[in-house]
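Report on the following structure.
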Amino acid sequence: MPLPVYTVTALRLGTITVDKSGMTYGVDPGVSMDVPVWGAAVEGDGVRMLVDTGFGEPTDWDRYVPHRREADETLPAALAGIGWRLSDIDVVINSHLHYDHAENNLLLPDAQFYVSAVEWEYAQDPIATQRWLYDFPWTDDAVTFQNYVLVANDHHQVRPGIRLIQTPGHSRGHQSVLVNTAQGVLCIAGDAACVMENFTIPTPPGGLTSAEQALDSLERMRELSDVVLMNHDPGLSKFQSEAFPVMPKVSGEAGAGARSKRATGTLLR
Ligand SMILES: [Zn+2]
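The structure is reproduced here in structure tokens:
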């Protein structure tokens, strides 16, 4: 039976001003950069899913780095842009539990959440450099532990044509999502890759629990997908739902600007 084909739409959920070396480890320190925060709405086979939910109040986080959010970039407003309400979302996948990917989980008490078991445990006691990123609640009276599915195995199938792969390094339990789309296998990277230079140089994002694991995760994503949606990619546009960037199949000089000639993301088939 052919796998369902899903539509993926980029939802803009705000902007963070960061040092560029936070996106590309060791590259361009001192260069300031505005990065979007993207959620990904995934629809197909009768389900509506969201990958990452964005940050809460921008002013709560301004003491670390500047945050802003336009009126149409709150989670309810961004969803309304594609005709969805909060209550329409059946499944949420959190790439990891950093605030800019999971703080709005509490707006979605009707959803079932998929978080890696390693991330769930790590988030209780993160390394010192990442404590602030987890300084918010992801459960309350309405969104309880019962809402969460803790994923222990690699290549966990959420639905036919949607798999979670373990991509640690940015956080200990980071996961990325492989989605069967009209463009082939789309990797929703989370922060395992933030910008295309992560793949082309290659260098991981700057925030790390392990540089070695983060580099391995870039190669996993490269191998398993045809196109990529990175959750801080400055190159995407609001509500983009096609023509996602092609995954560079090699890194270094040859990788810059290289185009994929064949579909290699075959594991979903
Ligand atoms: Zn992030």
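Note that the sequence shown covers residues 2 to 270 in this note's numbering.
Glycine included, every Cβ here is placed at the ideal spot set by N, Cα and C.
Rounded Cβ spacing between residue i and residue j (contact assumed at less than 8 Å)
{"i": "residue 96", "j": "residue 191", "result": "2 Å"}
{"i": "residue 175", "j": "residue 168", "result": "5 Å"}
{"i": "residue 139", "j": "residue 112", "result": "So it is not a contact: roughly 12 Å between Cβ atoms."}
{"i": "residue 40", "j": "residue 57", "result": "Between residue 57 and residue 40 the Cβ distance is about 13 Å, and since that is not below 8 Å, they are no contact."}
{"i": "residue 196", "j": "residue 234", "result": "6 Å"}
{"i": "residue 114", "j": "residue 148", "result": "5 Å"}
{"i": "residue 46", "j": "residue 160", "result": "6 Å"}
{"i": "residue 173", "j": "residue 119", "result": "6 Å"}
{"i": "residue 230", "j": "residue 189", "result": "5 Å"}
Proximity of residue i and residue j at Cβ, strictly below 8 Å
{"i": "residue 5", "j": "residue 162", "result": "yes"}
{"i": "residue 249", "j": "residue 201", "result": "yes"}
{"i": "residue 24", "j": "residue 36", "result": "yes"}
{"i": "residue 63", "j": "residue 232", "result": "no"}
{"i": "residue 193", "j": "residue 211", "result": "no"}
{"i": "residue 94", "j": "residue 187", "result": "no"}
{"i": "residue 43", "j": "residue 9", "result": "yes"}
{"i": "residue 20", "j": "residue 28", "result": "no"}
{"i": "residue 150", "j": "residue 109", "result": "no"}
{"i": "residue 334", "j": "residue 99", "result": "Because residue 334 is not part of the residues shown, which for the chain are 2 to 270, the question remains open."}
{"i": "residue 152", "j": "residue 117", "result": "yes"}
{"i": "residue 50", "j": "residue 90", "result": "yes"}
{"i": "residue 181", "j": "residue 65", "result": "no"}
{"i": "residue 225", "j": "residue 203", "result": "no"}
{"i": "residue 18", "j": "residue 67", "result": "yes"}
{"i": "residue 141", "j": "residue 87", "result": "no"}
{"i": "residue 216", "j": "residue 205", "result": "yes"}
Continuous alpha helix (DSSP H) stretch holding residue i: start and end
{"i": "residue 87", "result": "From DSSP, residue 87 is part of no alpha helix (DSSP H); its letter is neither H nor E."}
{"i": "residue 217", "result": "212 to 225"}
{"i": "residue 194", "result": "No alpha helix (DSSP H) holds residue 194; DSSP gives it neither H nor E."}
{"i": "residue 78", "result": "76 to 81"}
{"i": "residue 103", "result": "100 to 103"}
Beta-ladder partner(s) of residue i, from DSSP
{"i": "residue 114", "result": "93 and 149"}
{"i": "residue 164", "result": "158 and 179"}
{"i": "residue 63", "result": "Answer is none; residue 63 lacks a bridge partner."}
{"i": "residue 231", "result": "191"}
{"i": "residue 44", "result": "8 and 49"}
{"i": "residue 13", "result": "39"}
{"i": "residue 141", "result": "Beta-bridge pairing links residue 141 to no other residue."}
{"i": "residue 68", "result": "17"}
{"i": "residue 247", "result": "228"}
{"i": "residue 34", "result": "19"}
{"i": "residue 236", "result": "Residue 236 is not bridged to any residue."}
{"i": "residue 119", "result": "Its beta-bridge partners do not exist; DSSP assigns none."}
{"i": "residue 186", "result": "181"}
Report task. Please confirm if the region 79 to 95 is in contact with the region 10 to 29, defined as three or more CB-CB distances below 8 Å between the two stretches. Result -> yes
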